[in-house]
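What follows is a set of notes on a single structure, which appears directly below.
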Amino acid sequence: MRRKLFFIIITLLTSTTVFSQKDDPVVFKVNGKPVYWSEVKQAYDKGNEYAEEKEPIADFIKTYADYKSNVEEARAQGIDTTYIYKRSYESFKNQIADAYMIRDTVYESQYVKKIYGRILENVEVNHILIPFANELVLPADTVEIYRKSLEVRNKIIKDGFNLEEFRSPRITPFMAKTEDHNGYLGWVTTFMLPFEVENALYSLPIKEISQPIRSHRGYHIVQVLDRRPATGSAEVEQVMFNFPKIPPTDHQIDSVKAVAEREYNNIRSSADFTLLCEEFSKVHQTGDQGCYFGIIGLDSPLYPDFKTAAFNLEKPGDISKPALSNYGYHILRLLRKIPVPEFGKLKNQLKEKIIKSDKAQELSDGSRKQIMEGMHVEINKKAYAELENIAASLSPRDSVFNTLIKNGNDILLSIDGKRKYQVKEFDKYIKMRQKLLESDPNELQMLRVEEATPYSLSTDILKEYLDAFTVFLAKDYEKSILEERVPAFRQVMDEYADGVLLFEVKDKNIWKRAKADEEGLNKFFLENKSKYTLDGEKYKGMIVYAKDIKSLTEAQNMLQSTDTREVFTDKIRGSLNKDSVTVTIEPGLWEKGTNQYVDYKVFNGSEPKVQNKRFPYYFVSGRLIDKPEDFTDVRSTVEADYQEKLENDWNAYIRGKYMIEFNKPFIKNLK
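In short: position in the sequence shown from 1, add 508, done, that's my numbering.
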């Protein structure tokens, strides 16, 4: 019966189709509550999906009516109000809710495809950065920088990007990022510049000069010179002519360049490069590595001249002119060119790269907008303005920020007019974000998105915190109203609730009782004693094990002065086992060949080997019986029969209490 019940529950939970009640006939009513054909048919189809012979629909309807009646009785007994039920319900709801909620996975997939599209195209760029003076930027700090960036843009429109005051030196600061280079940047691809700048590069018309673009570094001005299909990656070898020191002087740069150009001019074939490579390997002791450099992409953190030289090589074996880097001059030989992999092969790697880059913030922002669709979020502008006033002079990443919040009891935002949240709740969230900043990012997955971009403008940081806080609340709110908004989710939850209630009401009134109701089991046994037999003669009693002879003798003496095993057990517990366990008792019902101690003492078997070294001494006490004396002698059989009786009594009780009104004309016409 229990197996059949589980099958019904699983059947219901795997059915998620939602039908309109329009033109959906009532099949039956339980105490006036209608059960519709759509629900019954759904359960029937699932229950018979793999059956060799389908159950007659009329029989199934009767079974289903019993099922719904049991659910009603469970509610009548208050099972739906118990802690166990509520915990189970909420746990299941949390497990499946995400599948029915507006998820960011759709947007994430679209975003990854967009970035892959950018990988397929390279952009030739002019670029200038007017940097912020400090890592932490307050709103007042941006005014002068923005004014200056507008002046620079006007000069660029007039004179082009060849502005001496902004041109990068031949050697930029050690390991400088691409975004630090001014003037002609060369060919770039995605991941090489801040995402705000990259978005402009992939949308600007060719030759157009952008407006100032603010990133966490400062204001950028860019111009797209050309576009081309992506070059993919290149695997190269190199011979390097090092600068004597870093950073080098202009004289040292020119001297090393002269040596590199002389050696390059001596190369007439690939074999000449190989000889030069061998000399390089000896000098630098590169061993088996030789001149091998590796595979590079356009987004590799290498000097622009180096990458340009590598990607200008067309055929394996082609050799580049000397290319400049922070370390010296390089002569490169192409081993092979590697095209951009197909999206399917690159997708997971690309997704991981996005999460580790500043694009995680853009991805997070887009996902948040998607989650907020369909919700009306209202921000209390006055309350938020007070927080912005603090952020005008102090970063929300500073714990002092929280001490200046004085409007904690003000309502900060509301969702759909139903949920309202105070400033003090946002204050707690800010403190949580501050603590995250002190943690190891490698140990906290949430940091990958939460602090994806090192915002430098204090008001940007505050806005990002508010957006993240709002989405956190919106997700919680959406989950709470999911049953109202999504009929399919409501149906699954209703079916789960019914299944749990059915199980609990039967477990309480039948299954647990069949095992634990000793009085009922004994009464049932006595009423049906004649039907129970033993499979042959058995020894009923106990085996008493002792730690030593003294304890064994005392236990034997105690047994002689007691009438029942229960009294004997209590005496042992209160005397011999009072301070430590010296005697153990094993009650049982044994047939010949099932216990070596009983076999030896009762059935003339061979002397047993000592199995319990802690309690090596023993005696047995009991008697031979050929038929059961009480229900414990045949407990499993009595329990099964008693459970069957309880089920029959229960079904009669349910059918007597709950009136079922069947739609007989409709059922009669079903096939």
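Don't be surprised by glycine CBs; every beta carbon is placed ideally from N, CA and C.
Neighbourhood of ASN950 by C-beta distance below 8 angstroms, restricted to the same chain and skipping five residues each side: The sequence position of residue 950 within the sequence shown is 442, counting from 1. Caution is warranted here: a pLDDT of 49 is assigned to ASN950, below 50, making its placement in the model unreliable, and no coordinate value can be reported.
Endpoints, the beta strand (DSSP E) within which ASP734 is located: Taking the sequence shown and counting its residues from 1, the one referred to as residue 734 is at position 226. Segment 726-737, the beta strand (DSSP E) holding ASP734.
N-terminal and C-terminal residue of the alpha helix (DSSP H) that TYR479 is part of: Coverage of the chain is limited to positions 509 through 1179, which leaves residue 479 absent and any answer about it impossible.
Cβ neighbours of ARG661 in the same chain (closer than 6 angstroms, five flanking residues each side left out): As a position in the sequence shown, residue 661 is number 153, starting the count at 1. Taking C-beta separations shorter than 6 angstroms and ignoring five residues to either side along the sequence, the partners of ARG661 in its chain run ILE729, following chain order.
Beta-carbon separation (whole angstroms), THR698 vs PHE819, contact threshold 8 angstroms: For the purposes of this step, residue 698 is taken as residue 190 along the sequence shown, with counting starting at 1. For the purposes of this step, residue 819 is taken as residue 311 along the sequence shown, with counting starting at 1. Between PHE819 and THR698 the Cβ distance is about 16 angstroms, and since that is not below 8 angstroms, they are no contact.
Close Cβ partners of ILE714 (< 6 angstroms) along its chain, the five nearest in sequence each way excluded: In the sequence shown, residue 714 corresponds to position 206, counting from 1. Excluding positions up to five away in sequence, the list reads VAL732.
Beta-carbon proximity of ASP1141 to LEU1042, cut-off 9 angstroms: In the sequence shown, residue 1141 corresponds to position 633, counting from 1. In the sequence shown, residue 1042 corresponds to position 534, counting from 1. Using a Cβ distance threshold of 9 angstroms, ASP1141 and LEU1042 count as a contacting pair.
For LEU955, the three-state DSSP class (helix, strand or coil): As a first step, residue 955 must be located in the sequence shown, where it is residue number 447. Because the pLDDT of LEU955 is 40, which lies under 50, any placement of that residue in the model is unreliable, and the question is left without a value.
Segment limits, alpha helix (DSSP H) that includes ALA607: By 1-based counting over the sequence shown, the position of residue 607 is 99. 591-608 is the span of the alpha helix (DSSP H), which, as asked, contains ALA607.
Which listed residue (TYR558, ILE569, ASP574) has its alpha carbon closest to that of ILE1175: For the purposes of this step, residue 1175 is identified with residue 667 of the sequence shown, where counting begins at 1. When the alpha-carbon of ILE1175 is set against those of TYR558, ILE569, ASP574, the nearest one is in ILE569.
Helix, strand or coil at GLN1104 according to DSSP, with G and I counted as helix: The residue given as residue 1104 occupies position 596 in the sequence shown. GLN1104: helix per DSSP, three-state reduction.
Burial state of GLN999, where buried means 16 or more other Cβ atoms lie within 10 Å: Here residue 999 refers to the residue found at position 491 of the sequence shown. By the 16-neighbour rule on beta-carbons within 10 angstroms, GLN999 is buried.
Nearest-angstrom beta carbon gap, ASN1159 and PHE536 [assumed within contact, 8 angstroms]: The residue given as residue 536 occupies position 28 in the sequence shown. The residue given as residue 1159 occupies position 651 in the sequence shown. At roughly 17 angstroms, the Cβ-Cβ gap does not stay under 8 angstroms, so PHE536 and ASN1159 are not in contact.
Cβ-based neighbour list, GLU835, same chain, cut-off 8 angstroms, excluding 5 preceding and 5 following: On the sequence shown, position 327 is the one that residue 835 refers to. Note on residue identity: the sequence assigns Tyr, not Glu, to residue 835. MET748, ASN750, PHE751, ILE754, listed in sequence order.
Those runs of the alpha helix (DSSP H) which lie wholly inside the segment 1009-1045 and span at least 4 residues: Runs found: 1020-1024, 1026-1035.
C-alpha gap between ASP796 and ASN602, whole angstroms: Mapped onto the sequence shown, residue 796 falls at position 288. Mapped onto the sequence shown, residue 602 falls at position 94. Going from the Cα of ASP796 to the Cα of ASN602 covers about 56 angstroms.
C-beta contact flag for PHE669 and GLY694 at 9 angstroms: The sequence position of residue 669 within the sequence shown is 161, counting from 1. The sequence position of residue 694 within the sequence shown is 186, counting from 1. No, these two residues do not count as a Cβ contact at 9 angstroms.
Reduced DSSP secondary structure (H/G/I, E/B, other) of SER741: For this step, residue 741 is matched to residue 233 along the sequence shown. Strand.
Burial state of PRO1173 (16 or more Cβ within 10 Å): For this step, residue 1173 is matched to residue 665 along the sequence shown. Exposed is the call here.
Per DSSP, cross-strand counterpart(s) of GLU992: Residue mapping note: residue 992 aligns to position 484 of the sequence shown, counting from 1. By DSSP's assignment, GLU992 forms no beta bridge with any residue.
Opposing strand residues paired with VAL885 [DSSP bridges]: As a first step, residue 885 must be located in the sequence shown, where it is residue number 377. Note: VAL885 is bridge-paired with ILE923 in the DSSP secondary-structure output.
DSSP state of LEU810 mapped onto helix, strand, coil: Translated into the one-based positions of the sequence shown, residue 810 becomes position 302. Collapsing the DSSP output to three states places LEU810 in coil.
Straight-line Cα distance separating THR816 from LEU854: The residue labelled residue 854 in the question sits at position 346 within the sequence shown. The residue labelled residue 816 in the question sits at position 308 within the sequence shown. Answer to the nearest angstrom: the Cα atoms are 24 angstroms apart.
Proximity winner among ARG583, ILE565, VAL548, ASP567, relative to LEU1009 (alpha-carbon distances): Indexing the sequence shown from 1 puts residue 1009 at position 501. When only C-alpha atoms are compared, the closest one is ARG583.
Exposed unless 16 or more other CB atoms sit within 10 angstroms - verdict on GLU886: The residue labelled residue 886 in the question sits at position 378 within the sequence shown. It counts as exposed.
Presumed contact (8 angstroms Cβ cut-off) between PRO737 and GLU850, rounded CB distance: As a first step, residue 737 must be located in the sequence shown, where it is residue number 229. As a first step, residue 850 must be located in the sequence shown, where it is residue number 342. GLU850 and PRO737 do not touch by the CB rule: their CB atoms are close to 15 angstroms apart, not below 8 angstroms.
Nearest residue (CA-CA) to ASN1085, options SER1059, VAL1110, GLN1068: The sequence position of residue 1085 within the sequence shown is 577, counting from 1. Looking at the Cα atoms, SER1059 is the closest of the given residues.
First and last residue of the uninterrupted alpha helix (DSSP H) at PHE909: Here residue 909 refers to the residue found at position 401 of the sequence shown. It spans 908-911 - the alpha helix (DSSP H) in which PHE909 sits, taken as one unbroken run.
Beta bridge counterpart(s) of TYR544 as assigned by DSSP: On the sequence shown, residue 544 is found 36 positions in, with the first residue counted as 1. For TYR544, which the question treats as bridged, DSSP gives the partners VAL534.
For ILE587, the first and last residue of its enclosing beta strand (DSSP E): Along the sequence shown, one-based indexing puts residue 587 at 79. Per DSSP, ILE587 belongs to no beta strand (DSSP E) and is neither H nor E.
GLN1118 (DSSP reduced to helix, strand or coil): In the sequence shown, counting from the first residue as 1, residue 1118 sits at position 610. Per the sequence shown, residue 1118 should be read as Val rather than Gln. In this structure, VAL1118 counts as coil in the three-state DSSP scheme.
Residue burial classification, LYS943 (beta-carbon count within 10 angstroms, cutoff 16): By 1-based counting over the sequence shown, the position of residue 943 is 435. Counting Cβ neighbours within 10 Å, LYS943 comes out exposed, since fewer than 16 surround it.
Option in GLU1027, VAL1091, ASN1065 with minimal Cα separation from TYR494: Limits of the chain in this structure are 509 at one end and 1179 at the other, which puts residue 494 out of reach.
Counterpart residues of ALA1054 in DSSP-defined beta bridges: Counting from 1 along the sequence shown, the entry for residue 1054 is found at position 546. In the DSSP output, where bridge partners are listed per residue, ALA1054 has VAL1091, TYR1125.
TYR654 vs TYR608 beta-carbon contact at 9 angstroms: The residue you call residue 654 lines up with position 146 of the sequence shown. The residue you call residue 608 lines up with position 100 of the sequence shown. No; because the gap between Cβ atoms is not below 9 angstroms, this pair is not in contact.
Enclosing alpha helix (DSSP H) for ILE507 [first to last residue]: Lying before the first or after the last residue shown, residue 507 is absent from the chain, which here runs from 509 to 1179.
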